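Numbering (the working numbering), first residue to last: 3 to 391.
Structure, as structure tokens:
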Amino acid sequence: MKKSRILLTIVLFFFCIVTPPNNLEKTTVLLLSFDGIRWDSIANIQGFDFLKKNGFSANKSRSVFPSLTFPAHSSIATGTFPKRNGIISSSFLERNGNIRFSDEKEAVWQNEPPMWYFCEKNNLKTAVLKWPLSQGGYRGIFPSYNLPYTSHSSDIETLNFIFELLRKKNDRPNLIMAWFSGADHSGHIFGPKSNEYKSSVLKSGLMIETLLKEIEKDNMKDKVILMVTSDHGMTDVKGEVDIVSKIPKKGFFPYIAISGPLANIYFENSRQKVETTNSLKIFKRNFIFFSQIEMPSEISLGSSSRVGDIIAICDFGFIFKPFKRERETLRGMHGYDPSYLDMHGIFLAYGKGVPKKEIDEINLVDIAPTILKIFGLEKSNNFDGKTLF
Ligand SMILES: [Zn+2]
């Protein structure tokens with residue numbers, strides 16, 4: 003008798019530990035990021051229209067500085083700005099050990115935990131599908147399902163995997179974060195005013211429609227919350243700026259990390275800094291440059307070991323010429339100050355408990371605290387963003 007009571011206590015104890023609070027196992031938040039979709043490109047497209055009419059929507063979503071894919075996705079995932087989460091560009095150098103970031107997409111590069119980490123820590127299941135900077139674990143915690151990020155990925159494959167996860171019924175993940183190529187590639191190659199860009203946005207709308215039908219068909223309407231966002235907008239390229247050939251470079255240093263309109267330049271000694279500053283001053287056209295401490299506060303990247311000794315930024319519409327011409331000249335670019343209207347993306351949400359409301363603007367850093375609030379975990383971190391509903 004005594005033994006069975008002990009057993010019951012143990013069973014109840016484990017049940018309390020592994021059962022998420024408030025029947026949250028029944029809620030699934032599906033966060034989809036469609037890369038590079040501009041705020042003003044989704045009008046009259048059915049999938050987006052439905053979400054706008056029936057849920058919560060922002061006219062624009064403000065990206066971060068720099069408005070580049072990796073910093074923006076890291077900011078969405080962590081609810082913090084690049085200055086804090088450490089993903090200060092899509093290509094940079096970590097001075098501690100002089101490690102290049104550009105080829106690394108591991109979650110551990112983030113100085114702040116992504117939202118899936120807090121969910122998993124609280125026994126909620128997560129699926130992280132191709133989300134930039136979410137490969138591998140974070141402080142020993144792993145998402146329950148993971149597809150690695152690749153810029154050459156098939157969106158259909160991702161969509162099918164989402165269907166598979168949604169059909170898991172009682173075993174459905176509580177949070178699914180998925181990245182889609184969206185309109186980024188066609189925006190870069192053909193420009194944001196091109197038919198190719200428009201057709202990529204249309205395709206993204208179709209995917210949302212398909213997903214909505216699946217949610218409806220499987221009677222999941224009162225169990226799923228669908229959130230759709232993009233990481234940044236896109237603007238026409240006006241010209242290229244070649245700083246690489248102007249900087250006296252003999253070895254690894256000065257190290258020049260270029261991502262679109264942003265260059266972080268790192269030196270080994272003060273002589274290199276003086277030489278580079280002098281040569282950039284002579285050549286200064288269609289870009290500006292600052293030392294770390296001179297950076298204007300609204301676009302400051304902080305003073306961590308990842309920020310260049312000099313930060314050069316192109317004028318709006320200009321881009322830095324890459325080291326090697328691996329690709330054709332680009333017609334569209336992003337990465338600029340997020341206050342430029344062309345850099346704004348989208349945000350829409352629909353489903354269980356989501357208010358029907360239209361607001362003017364959200365910040366990308368608002369998404370993580372909003373999602374974590376749904377799970378009662380909004381106090382997990384001191385986020386830079388605020389909850390939206
Ligand atoms: Zn992007």
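Glycine included, every Cβ here is placed at the ideal spot set by N, Cα and C.
This one's a predicted model, so the numbers in the text were calculated from it and none came from an experiment.
| field | Neighbourhood of Thr160 by C-beta, 8 Å cutoff - its chain only, sequence neighbours within 5 removed | value | Leu131, Lys132, Leu149, Ala180, Trp181, Phe182
### Start-to-end residues for the alpha helix (DSSP H) that takes in Met311
Correcting the residue type first, residue 311 is Asp in the shown sequence and not Met. Unbroken run through Asp311: none, as it is neither H nor E.
Reference Ala129; option with closest CA among Ser92, Asp173, Gly99: Asp173
Task: Arg64 in three-state terms, based on DSSP - done: strand
*asked:* Can you look up Gln274 in the DSSP assignment and give me helix, strand or coil?
replied: helix
Does the Cβ of Ser59 have 16 or more other Cβ atoms within 10 Å, making it buried, or fewer, making it exposed?
-> buried
| message | Could you pull the DSSP bridge partners for Phe415 from this structure? | response | Nothing about residue 415 can be reported from this structure: the residues present for the chain run from 3 to 391 only.
Contact test: Gly38 Cβ vs ligand 1 heavy atom, cutoff 7 Å:
yes
| Just to check, is the beta-carbon of Thr237 closer than 7 Å to a non-hydrogen atom of ligand 1? | no
Cβ-based burial, Leu53 [other Cβ within 10 Å; buried from 16]
Leu53 should be labelled buried.
TODO: Taking 8 Å as the cut-off, decide whether the C-beta atoms of Asp186 and Gly88 are in contact.
DONE: no
| task | State the DSSP-derived secondary structure class of Asn384, mapped to helix, strand or coil. | result | coil
Between the CA atoms of Ile312 and Ile47 - distance to the nearest angstrom: 43 Å
Opposing strand residues paired with Thr30 [DSSP bridges]: Val226
Any idea which residues DSSP pairs Glu291 with across the strands?
-> Correcting the residue type first, residue 291 is Phe in the shown sequence and not Glu. DSSP output for Phe291 lists Ala314 as bridge partner(s).
message = For Leu70, tell me which candidate among Tyr352, Ile361, Gly347 has the shortest Cα-Cα distance.
response = Gly347
| the region 139 to 146 touching the region 115 to 130, judged by at least three CB pairs closer than 8 Å | yes
Subject >> Thr128: first and last residue of the uninterrupted beta strand (DSSP E) it sits in >> reply: Boundaries of the beta strand (DSSP E) harbouring Thr128: 128 to 131, taken from the DSSP string.
(message) Can you give me the C-alpha to C-alpha distance between Leu135 and Leu177, rounded to a whole angstrom?
(response) 17 Å
Measure the alpha-carbon distance for Asn25 versus His234 and round it to whole angstroms. Caution is warranted here: a pLDDT of 49 is assigned to Asn25, below 50, making its placement in the model unreliable, and no coordinate value can be reported.
- Task: Pick helix, strand or coil for Ala79, following the three-state DSSP scheme.
- Result: helix
Nearest-angstrom beta carbon gap, Gly334 and Val239 [assumed within contact, 8 Å] | 6 Å
### Query
Would DSSP call Val367 helix, strand or coil?
helix
Open item on the list: Given a cut-off of 8 Å on the beta-carbon distance, is the pair Ala265 and Leu95 in contact?
Closed with: no
Practice problem: Mark Ala45 as exposed unless 16 or more other C-beta atoms lie within 10 angstroms of its C-beta, in which case mark it buried. | Solution: exposed
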